[in-house]
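Just remember that the working numbering sits 10 ahead of the position in the sequence shown, which is counted from 1.
Heads up, the beta-carbon is just placed ideally off N, CA and C, and yes, glycines get one too.
What follows is a set of notes on a single structure, which appears directly below.
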Amino acid sequence: MRARLFRPSSPGVTRGSSRVAAGLLGSRVTRGHEGSGRWRVMLAAALLCLAFITPAAAVRPDEVLPDPAQEARARELSKELRCMVCQNQSIDDSDAPLARDLRLLVRERIQQGESDREVMDYLVARYGEFVLLRPTWHGANAILWLAPFAVLVVGGIGLFVAYRRRAASDSLRPTAAAEPLTPEEETRLRAALGEPSSSEQPGDVTKV
């Protein structure tokens with residue numbers, strides 16, 4: 011018996027199957043695009059949230075002054091004062107107990123009617139200018155401001171002097187010895203200078 015190949019009963023069956031397969035494939039592709047688009051939207055939203063996240067201040071609710079204007083002044087002053095424990099943070103950002111004490115002291119002086127300058131002067135007189143995140147420009151502090159630039163200038167001058175000295179020593183260094191003359195070149199040189207050649211010896215001259 012010969013094996014018979016399966017053939018659809020009508021061409022319409024084949025076309026209908028093709029349409030069904032194309033529809034299934036299209037729906038899968040559409041779902042894939044929708045899924046990737048959803049992930050993109052979620053990722054963009056997460057990045058947007060991270061962009062607006064700011065470090066929380068260390069100020070506690072019980073420290074906040076009832077007067078918003080005074081509280082704003084206290085916050086601005088606290089950003090200019092150094093935490094004596096953390097040193098690289100302002101007292102507005104530090105959680106150290108000493109930073110909290112300084113924040114309370116600033117608010118206390120403000121409530122007493124002192125100006126911003128009076129509050130800062132009081133803290134400087136009590137703790138020294140190290141309490142300021144940005145030291146003032148006078149006295150010994152000027153040296154601290156100028157020290158980095160002075161180091162750069164001195165270093166640049168030192169490099170320039172070292173380069174000049176090396177260049178001078180290289181120019182005074184003797185060059186490599188020249189190659190010796192060949193006998194023919196030596197003969198020509200002696201002839202040009204009017205000197206006897208090396209082959210001619212004084213003892214070889216015969217007396218007449």
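Contact between M94 and Y132 is ruled out by a C-beta separation of about 15 Å, above the 8 Å threshold. A distance below 6 Å between beta-carbons, with the five flanking residues on each side excluded, links P190 to no residue of its chain. Inter-segment contact for the region 99-114 and the region 66-78 is present: three or more beta-carbon pairs are separated by less than 8 Å. Cβ-Cβ distances below 7 Å link R83 to I120, D126 in the same chain, with the five nearest sequence neighbours on each side left out; the list follows chain order.
A distance below 8 Å between beta-carbons, with the five flanking residues on each side excluded, links S88 to the following residues of its chain, in chain order: V69, S100, I101, D102, L112, R113, V116. With fewer than 16 other beta carbons inside 10 angstroms of its own, S179 counts as exposed. When secondary structure is reduced to three states using DSSP, S100 falls in the strand class. Within its own chain, the residues whose Cβ lies closer than 7 Å to the Cβ of V74, once the five positions on either side in sequence are excluded, are E81, listed in chain order. Listed as beta-bridge partners of L91 by DSSP are L142. A106 sits in coil when the DSSP states are folded into three classes, being neither helix nor strand. With fewer than 16 other Cβ atoms inside 10 Å of its own Cβ, L199 counts as exposed.
Around R92, the same chain offers S100, F140, V141, L142, L143 as residues with beta carbons nearer than 7 Å, after the five sequence neighbours per side are excluded. By the 16-neighbour rule on beta-carbons within 10 angstroms, V161 is exposed.
Around the beta carbon of V129, 16 or more other beta carbons lie within 10 angstroms, which makes this residue buried.
For L133, the enclosing alpha helix (DSSP H) begins and ends at 126-137. By the criterion of a C-beta distance shorter than 7 Å, D77 is surrounded by no residue of its chain, once the five residues flanking it on both sides are discounted.
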